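Colleague:
2 protein chains.
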Amino acid sequence: MRLSPALLKVRFCKAHLQKMHGGRTAVTGFRLIRTLAATSFQPMTQQIQNFEVKGGPQFGRAHLPLLRAALSAAGLDGFIIPHEDEYNNEYLPANAERLMWATGFTGSAGAAIVMSDRAAAFVDGRYTEQVKSQVDPELFEYADLVEFGIAGWIRANAKPREVIGYDPRLHSPDAMAKIEAAAKKAGASLKAVDVNPIDTAWEDRPTPPRAKVHPHPLELAGEDHSEKRRRIGADVEEDGADAAIITEPASIAWLFNLRGGDVSCTPLPLSAAILEKDGRATLFIEDEKLTDETRGHLGNEVALRPETEFGDGLKALTGKTVRVDPATSSAWVFQTLDGAGAELQRKPDPVALPKACKNSAEIEGSKKAHIRDGAALVRFLHWLDTDAQSGDVDEIAAAIQLETFRKQTPELKDISFETISAAGPNGAFPHYRVNTASTRRLERGSLYLVDSGGQYPDGTTDVTRTVPIGDPTAEMRRHFTLVLKGHIALSQIRFPEGTTGSALDVLARAPLWNEGFDYDHGTGHGVGSYLGVHEGPQRISKAPNAIALKPGMIVSNEPGYYKVGDYGIRIENLQFVTDAAPVPGGDRKMLGFEALTMAPIHRALVDTTLLSGAELQWLDAYHADVKAKLLPLLDGDVADWLVKACEPFQGATP
Amino acid sequence: MRLSPALLKVRFCKAHLQKMHGGRTAVTGFRLIRTLAATSFQPMTQQIQNFEVKGGPQFGRAHLPLLRAALSAAGLDGFIIPHEDEYNNEYLPANAERLMWATGFTGSAGAAIVMSDRAAAFVDGRYTEQVKSQVDPELFEYADLVEFGIAGWIRANAKPREVIGYDPRLHSPDAMAKIEAAAKKAGASLKAVDVNPIDTAWEDRPTPPRAKVHPHPLELAGEDHSEKRRRIGADVEEDGADAAIITEPASIAWLFNLRGGDVSCTPLPLSAAILEKDGRATLFIEDEKLTDETRGHLGNEVALRPETEFGDGLKALTGKTVRVDPATSSAWVFQTLDGAGAELQRKPDPVALPKACKNSAEIEGSKKAHIRDGAALVRFLHWLDTDAQSGDVDEIAAAIQLETFRKQTPELKDISFETISAAGPNGAFPHYRVNTASTRRLERGSLYLVDSGGQYPDGTTDVTRTVPIGDPTAEMRRHFTLVLKGHIALSQIRFPEGTTGSALDVLARAPLWNEGFDYDHGTGHGVGSYLGVHEGPQRISKAPNAIALKPGMIVSNEPGYYKVGDYGIRIENLQFVTDAAPVPGGDRKMLGFEALTMAPIHRALVDTTLLSGAELQWLDAYHADVKAKLLPLLDGDVADWLVKACEPFQGATP
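As given, the protein sequences belong to chains S and Z, one line each in that order.
With our numbering applied, the first sequence corresponds to residues 7 to 660, in that order.
With our numbering applied, the second sequence corresponds to residues 7 to 660, in that order.
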């Protein structure tokens with residue numbers, strides 16, 4: 007890979023959040039080469055993804071001297087570099103790829119600390135190999151991000167009276183409190199900077215994105231933004247606050263019914279907002295992102311100010327009780343409010359839960375998007391079952407082929423994350439991303455795993471299917487069927503109100519556990535409505551999560567099995583929470599799930615001897631539904647293929 | 007019920023902790039009429055349980071004037087009366103039944119506040135009916151214990167400058183902090199008392215129990231107390247403390263290998279201890295409880311001081327870092343340490359987790375106790391299937407009959423909790439306790455539910471079976487089989503290390519949920535080794551619990567179904583966590599459960615059409631195990647009955 011500043015101007019699509027340990031995931035050799043702000047429904051012609059290798063030790067070698075000069079000029083003995091950007095983004099815009107610029111590391115989580123004479127790069131367990139190839143060990147020692155962390159490093163390594171700088175817009179208040187305490191113990195001190203020295207040192211740093219922001223149509227949003235502001239404002243008031251700080255761009259997008267194009271994979275308008283308890287609001291956003299249509303849409307209850315004035319907006323909250331979320335708003339927000347004499351109320355972003363509970367317009371939109379996306383995916387699955395059975399197709403070609411089918415859908419706005427296109431042993435890495443160095447052929451006798459999704463104006467999709475190339479072995483079929491049993495259990499379950507995703511997680515794992523297997527990632531994440539492919543607050547995972555599943559919440563259901571060195575299996579549908587049909591004689595109201603994702607589950611991998619009658623019944627009913635919904639959109643060989651793929655295992659076709 | 011002071015001298019056996027909402031449970035009309043400190047293995051002859059109605063409005067009518075006079079004499083405008091005693095006991099000794107004395111309320115959780123001119127009684131959702139019959143509404147307003155609580159009442163009702171007393175030995179520090187804040191907001195103030203005014207006002211108050219404390223034999227404990235003290239002390243040191251405060255009597259019993267007899271149902275030595283990081287300890291215990299054998303057993307690394315000097319022991323910790331558990335040690339302990347200038351380290355009781363993980367001697371002992379207890383229970387189940395089928399037996403007679411069979415076991419030391427002997431509609435109350443007013447006949451065409459347990463020197467048992475009287479209906483069999491499916495799922499599951507009981511809870515509920523049912527209590531609690539029938543820190547329930555299940559932990563597995571006005575169903579075994587046998591091809595180490603409880607599950611209630619082959623296989627294997635272990639202890643009709651009760655549903659007898 008050439009170290010070209012131009013290359014850094016592209017925006018990187020970050021990976022499947024929370025797949026592993028609730029953290030973020032690898033981005034190895036993946037980048038987007040266009041700006042995604044089109045608003046008209048035109049089939050895309052450009053290729054969305056490319057597969058070049060990115061990052062590498064040359065970054066640190068070239069940039070560390072520049073950074074140290076900037077630190078020296080700023081009177082700092084060191085500087086802390088987190089992966090995070092100003093917006094807590096999952097997908098960083100190119101101007102915020104500071105950690106990669108300084109170190110060459112491209113993982114989705116990590117940090118570095120650069121002192122005048124030494125430096126350390128911090129990664130978690132997923133990246134212990136990757137860091138070796140991307141970060142020069144002559145320049146950086148490697149350290150554990152989770153157990154040791156920046157705080158641990160500073161306590162052990164900082165020298166008395168050293169002054170270590172940090173950018174308070176890039177850290178959470180709680181993380182900074184820990185680091186502050188560590189610096190104090192070491193006799194060193196921390197200094198918040200106004201201008202990030204990396205931004206000073208970084209020649210040709212890309213400009214921040216300035217994509218146009220557009221209204222999200224009411225027929226898709228299902229609720230006017232004035233109504234949303236009023237009811238969230240009333241919640242804020244009921245909880246005893248005068249105003250709430252909203253810094254999560256997805257929350258802003260939902261609250262004001264706006265969609266932007268500042269980052270890849272998610273139509274976010276990077277900005278900040280203050281919501282008053284009466285529902286009035288101030289949106290801090292760069293002027294050039296706004297159109298007359300958007301100004302009109304926002305109306306006179308939403309004051310518009312440049313984003314550079316957000317600090318002034320915070321300072322004006324003197325004496326007010328202000329709700330602010332330490333998980334989404336930065337230390338800078340807290341310090342500014344505190345300095346202004348506001349009373350801070352630490353509570354979750356008040357938009358997060360209402361946003362997660364989709365209304366009927368959003369659910370209907372999601373269903374339509376999933377049928378559209380399903381038809382594209384079926385074209386691809388047919389292609390895999392025919393052309394790709396040659397054994398000569400490689401992972402990149404397959405990913406491009408899938409992208410091509412999706413782009414033939416005129417409504418596609420973007421992919422919702424980088425496609426995981428993983429052949430054979432690459433599939434055993436749950437967070438694998440293909441690049442030109444890693445790509446493998448889809449060989450006969452192997453499994454191919456594809457995890458992908460699209461962004462449509464009416465919904466966001468995320469689906470994983472595993473497909474045999476050639477004849478699968480009995481072992482592959484057994485492993486696949488165990489994963490399928492877990493998937494079915496989490497599809498069929500009915501549960502009372504108040505049940506959390508943590509309580510349901512075991513259902514997807516039990517069939518694997520009973521055979522001595524497990525998977526090291528969560529089972530399900532929330533999904534937005536033409537917004538983030540990963541959203542909270544609900545989650546289905548081993549990690550405790552106190553949020554009850556509520557009607558309208560969309561979650562993924564994606565158990566897996568990974569045989570290192572051989573293959574990976576994952577079956578993922580999105581499903582939404584809905585009232586369950588009452589069972590005769592039942593005495594309690596139950597909730598249940600309804601599948602959104604429409605795509606056949608490969609029958610050659612199903613070992614029916616391992617499935618119960620009820621499980622086969624679920625599979626047949628699901629396939630009947632897939633066929634009924636997708637067949638009208640398909641014709642010719644693909645339609646014939648779909649009919650066969652959806653044939654019932656039990657009895658006659660329904 | 008006569009309001010006799012003598013009646014208050016008996017000790018009350020408190021109920022199934024945490025069955026409902028994690029709280030404690032009802033004690034209606036139940037009391038123990040003997041002192042349980044026998045040490046030799048002699049079959050008991052006295053009746054352990056009796057079934058008189060207790061509590062009632064006459065308590066408040068007689069005692070409120072006495073209490074108000076004592077408050078006036080102490081210069082207090084009011085006083086807070088929690089249910090808890092000085093030892094956070096599940097089963098209060100008679101001298102600590104202060105809430106019942108003041109109000110007449112006998113529930114296992116609750117509180118009251120008595121002001122000079124008004125008073126309130128606080129109960130949770132389980133007791134909203136019971137409080138009406140036991141607490142005079144002319145004297146007490148009723149208030150919600152959980153949502154409103156003492157803090158809520160004080161904030162709403164206390165008048166400026168009122169001084170409200172409390173006994174700091176009876177409250178947790180966190181509960182008191184909340185109440186303090188409420189009093190401050192109301193302009194009132196709290197005053198900690200040294201002498202509880204109830205103890206002053208209570209004429210003929212029973213003396214505190216002074217049962218002899220005996221060594222728990224090494225062959226049953228499996229680990230010498232010096233070794234226990236050293237390893238727990240090392241844990242305390244590793245966590246950065248100089249000493250730990252141990253106030254939970256069960257922790258003291260385990261740590262020093264002692265058993266006492268101060269309360270019913272659990273062989274607790276009421277006392278307190280300070281454990282130093284080097285393993286040396288001071289045990290604060292009344293001299294008259296000690297024997298020469300016990301003094302010799304404790305040796306010279308355990309200093310013995312009267313319990314009245316515990317405060318002096320705490321005050322001597324000036325400058326030390328002291329580990330203390332806010333969930334088990336009282337506000338008084340915290341205040342005393344704080345006043346002495348100790349540095350408080352708020353952490354769980356360091357004994358709780360090691361105590362929960364039984365060693366092989368304890369597990370082997372538990373197995374033996376369960377076989378012994380199972381034989382007694384089989385005699386009872388046989389009796390239910392024969393004599394009690396007449397329809398003329400009542401709940402009290404059945405409970406006495408079961409107690410009689412258990413007492414024929416020479417090793418029985420006590421019952422482990424009051425027997426739940428519930429016929430027909432009484433079974434629909436999960437926490438039901440029979441008294442002379444509530445007892446019902448076991449009528450033909452009904453279900454009878456019996457939840458009971460014994461204390462043996464080598465183990466504690468707790469088992470529930472549901473039995474048909476006459477022919478069960480198809481509906482009863484369906485409901486029973488759904489509960490059984492949940493029980494089997496939680497018996498069969500294999501799970502990786504790190505899995506919590508909260509993660510497994512759904513397995514026991516899913517078959518019920520899928521048919522529109524649920525139960526409003528936890529699925530499983532920890533059980534001690536000849537100690538508490540309810541112990542933590544592990545738990546299987548909807549409520550989040552961060553404690554991973556570890557080998558040696560004993561937990562109950564007790565799903566249920568309750569049809570109000572008709573019947574209740576519960577199936578409870580104790581089971582322990584053990585390494586699961588590896589499955590061929592499995593790639594991860596798994597843990598699993600092994601059943602301790604040995605008693606047939608009534609075959610007439612099993613609808614085999616609702617069970618899978620694997621479920622029937624579990625049931626047959628369990629019954630084969632029960633038969634193999636219990637048959638040698640039985641003969642005649644009972645042995646014949648057991649053979650039939652354990653006949654396999656599938657194929658030939660193994």
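Note that beta-carbon positions come from the ideal geometry of N, C-alpha and C, so glycine has one too.
Fair warning: this is a prediction, and the values are worked out from it, not measured in the lab.
What residue does the beta strand (DSSP E) around Z:V456 start on, and which one ends it?
Modeller: S452 to S458
Colleague: For Z:N441, name the three-state secondary structure that DSSP assigns.
Modeller: coil
Colleague: Classify S:T467: buried if its beta carbon has 16 or more other beta carbons within 10 angstroms, exposed otherwise.
Modeller: buried
Colleague: Give the range of the beta strand (DSSP E) segment to which Z:D585 is assigned.
Modeller: N579 to D585
Colleague: For Z:C652, which residues does DSSP report across the bridge?
Modeller: Z:C652 is not bridged to any residue.
Colleague: Would you decide whether Z:A2 is buried or exposed? Buried here means 16 or more other CB atoms lie within 10 Å of its CB.
Modeller: Residue 2 of chain Z lies beyond the stretch modelled for chain Z, which goes from 7 to 660, so this question has no answer here.
Colleague: Does the CB of Z:A5 have a neighbour CB from chain S at under 8 Å?
Modeller: Because chain Z here runs from 7 to 660, residue 5 of chain Z falls outside it and cannot be looked at.
Colleague: Taking the alpha carbon of S:T529 as the reference point, which residue from S:G542, S:A514, S:L518 and S:E541 has its own alpha carbon closest?
Modeller: S:A514
Colleague: Measuring alpha carbon to alpha carbon, tell me which residue in S:A605, S:A256, S:T584 and S:I607 is nearest S:M596.
Modeller: Of the residues S:A605, S:A256, S:T584 and S:I607, the one whose Cα lies closest to the Cα of S:M596 is S:T584.
Colleague: Taking the DSSP output, what are the residues bridged to S:C363?
Modeller: S:M559
Colleague: Mind checking if S:I499 is an interface residue toward chain Z, Cβ cutoff 8 Å exclusive?
Modeller: yes
Colleague: So which of S:E313, S:R237, S:L518 and S:I499 has the shortest CA-CA distance to S:P255?
Modeller: S:E313
Colleague: Which residues in the same chain have their Cβ closer than 7 Å to the Cβ of S:V152, if we skip the five residues on either side of it in sequence?
Modeller: D130
Colleague: Which residues mark the beginning and the end of the alpha helix (DSSP H) in which S:E409 is found?
Modeller: E401 to K413
Colleague: With a threshold of 8 Å on Cβ separation, who are the neighbours of S:V644 within its own chain once the five nearest residues in sequence on each side are excluded?
Modeller: Taking C-beta separations shorter than 8 Å and ignoring five residues to either side along the sequence, the partners of S:V644 in its chain run V384, R385 and H388, following chain order.
Colleague: At what residues does the beta strand (DSSP E) containing S:Y93 begin and finish?
Modeller: Where S:Y93 is concerned, there is no enclosing beta strand (DSSP E), given that its DSSP letter is neither H nor E.
Colleague: Please report the distance separating the alpha-carbon of Z:G571 from that of Z:H69.
Modeller: 36 Å
Colleague: Could you check what DSSP says for S:S618 in three-state terms: helix, strand or coil?
Modeller: coil
Colleague: Please report the distance separating the alpha-carbon of Z:G591 from that of S:G522.
Modeller: 8 Å
Colleague: Candidates Z:F57, Z:D180, Z:V137 and Z:E135: which alpha carbon is nearest Z:A157's?
Modeller: Out of Z:F57, Z:D180, Z:V137 and Z:E135, Z:D180 has the C-alpha closest to the C-alpha of Z:A157.
Colleague: Tell me the DSSP secondary structure of Z:H303 in three-state form.
Modeller: helix
Colleague: Rounded C-beta distance between Z:D626 and Z:F655? I'm assuming under 8 Å.
Modeller: 6 Å
Colleague: From the DSSP secondary-structure annotation, give me the bridge partner or partners of S:I119.
Modeller: S:I86 and S:A126
Colleague: Give the range of the beta strand (DSSP E) segment to which Z:E144 is assigned.
Modeller: Looking at the DSSP string, Z:E144 is not in any beta strand (DSSP E), and its letter there is neither H nor E.
Colleague: Quick one: is Z:W519 near chain S, going by C-beta distance under 8 Å?
Modeller: At least one CB atom of chain S sits nearer than 8 Å to the CB of Z:W519.
Colleague: Considering only their Cβ atoms, is the gap separating S:L289 from S:V242 smaller than 8 Å?
Modeller: no
Colleague: Comparing C-alpha positions only, which one of S:K361, S:Y525 and S:K633 sits nearest to S:Y568?
Modeller: In terms of CA proximity to S:Y568, S:Y525 leads the group S:K361, S:Y525 and S:K633.
Colleague: Give a yes or no on whether the minimum CB-CB distance between Z:S618 and chain S is below 8 Å.
Modeller: yes
Colleague: Could one say the Cβ of Z:M559 lies closer than 8 Å to chain S's Cβ atoms, at least one of them?
Modeller: no
Colleague: Using only CA atoms, which one of S:Q395, S:A80, S:S78 and S:A115 lies nearest to S:N95?
Modeller: S:A115
Colleague: Taking the continuous alpha helix (DSSP H) assigned at Z:K569, which residues delimit it?
Modeller: Counting along the chain, Z:K569 falls outside any alpha helix (DSSP H), though it belongs to the beta strand (DSSP E) covering G566 to K569.
Colleague: Take Z:V262 and list the residues in its own chain whose beta-carbon comes closer than 7 Å to its own, dropping the five residues that flank it on each side.
Modeller: The sequence shown places Phe at residue 262 of chain Z, not Val. Within the same chain, Z:F262 has close Cβ partners H231, L289, L304 and V308.
Colleague: Taking 7 Å as the line, does the beta carbon of S:E621 fall inside it for any heavy atom of the ligand GDP?
Modeller: Among the components of this structure there are no ligands whatsoever, and the ligand GDP is therefore not found.
Colleague: With 8 Å as the threshold, decide whether the Cβ of S:S277 is near any Cβ in chain Z.
Modeller: no
Colleague: Given this structure, state the Cα-to-Cα distance separating Z:A375 from Z:A605, to the nearest angstrom.
Modeller: 13 Å
Colleague: Rounded to whole angstroms, what's the CA-CA distance from S:Y148 to S:E103? Just pull it up for me.
Modeller: The alpha-carbon atoms of S:Y148 and S:E103 are separated by roughly 19 Å.
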